[in-house]
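J.:
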Amino acid sequence: MILRKFSERRPISMDVDHIKMLHTEAMEQLDLMKTAVETAQEATDIIRDNLNDMALNHWHYYLDVMHMITKHDEAMSAVLQKHGLQTPDPEQELAERQCALNYCLLRLLLVSLQRRHQRMSHVLGLYGEPMHEYVKESLTMEREHIASLVSMVQSLI
40 MILRKFSERR
50 PISMDVDHIK
60 MLHTEAMEQL
70 DLMKTAVETA
80 QEATDIIRDN
90 LNDMALNHWH
100 YYLDVMHMIT
110 KHDEAMSAVL
120 QKHGLQTPDP
130 EQELAERQCA
140 LNYCLLRLLL
150 VSLQRRHQRM
160 SHVLGLYGEP
170 MHEYVKESLT
180 MEREHIASLV
190 SMVQSLI
């Protein structure tokens with residue numbers, strides 16, 4: 040008699056190319072936001088207000104991309120939830136946003152967040168290599184860092 044060994048249920052494998060594409064789009068939104076923030080830092084009055092609005096729009100699109108990433112990456116979703124990230128209140132006054140905006144810190148956080156997405160994309164490309172355990176640990180760390188940075192940026196804007 041042959042006994043059949045039942046394996047544990049595996050989660051659905053993620054489409055690495057699709058996830059990498061989403062991280063690339065996240066980097067693009069962060070780069071556009073960083074450009075708007077850098078320019079707003081030098082601008083005044085209505086131009087600064089318009090650039091701040093552009094930066095905030097890119098942040099919202101970035102959060103939309105992050106939402107799509109979490110639909111495919113349950114671990115990322117869990118880490119973001121652990122950090123208690125919430126979407127900003129659309130009724131928030133522009134003046135309130137401007138008072139709390141530290142352009143220099145925001146720019147540095149955006150660059151750091153963009154670099155983390157580049158790292159995620161790179162590590163996802165290593166999937167299937169003999170470094171499986173390293174890749175798994177690295178992805179866990181990068182998810183944690185991305186969630187921390189998103190939380191920091193969210194608190195600034």
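Under this note's numbering, the residue at position 70 of the sequence shown is numbered 109, and the numbers go up by one with no gaps. Ideal placement from N, C-alpha and C gives every residue a C-beta, glycine not left out. Quick caveat, the model's predicted, so the values are computed rather than measured.
Between which two residues does the alpha helix (DSSP H) harbouring L188 extend?
T.: 171-195
J.: What's the C-alpha gap between L178 and R155?
T.: 10 Å
J.: Rounded to the nearest angstrom, what separates R22 and D54 at their Cα positions?
T.: Outside the shown range of the chain, which is 40 to 196, sits residue 22, and nothing can be said about it.
J.: Straight-line CA distance for L95 to Q80?
T.: 14 Å
J.: Whole angstroms is fine: what's the gap from E64's alpha carbon to D84's?
T.: 30 Å
J.: Exposed or buried, L69, counting other C-beta atoms within 10 Å across all chains shown (16 or more means buried)?
T.: buried
J.: Evaluate E181 with the Cβ neighbour count: other Cβ atoms within 10 Å of its Cβ, from every protein chain shown; 16 or more gives buried, anything less gives exposed.
T.: buried
J.: Consult DSSP for I41 and reduce its assignment to one of helix, strand or coil.
T.: In this predicted model, I41 has a pLDDT of only 48, less than 50, meaning its place in the structure is not dependable enough to derive any value.
J.: Could you name the residues of the same chain whose beta carbon sits closer than 6 Å to that of M191, not counting the 5 residues immediately before and after it, in chain order?
T.: Answer for M191: L148, listed in chain order.
J.: Give the single residue among V150, L195, E183 whose Cα lies nearest to the Cα of E67.
T.: V150
J.: Curious, which full-length alpha helix (DSSP H) runs of at least 4 residues does the stretch 62-135 contain?
T.: 84-111, 113-121
J.: In this structure, how does DSSP classify D54 when only helix, strand and coil are distinguished?
T.: coil
J.: Rounded to the nearest angstrom, how far is the Cβ of W98 from that of M60, given a contact under 8 Å?
T.: About 20 Å; that fails the 8 Å criterion.
J.: Flag this pair as yes or no: are the beta carbons of A186 and V118 separated by less than 7 Å?
T.: Yes, they are a contact pair.
J.: Does DSSP put L152 in a helix, a strand or coil?
T.: Secondary structure at L152: helix, using DSSP grouped into helix, strand and coil.
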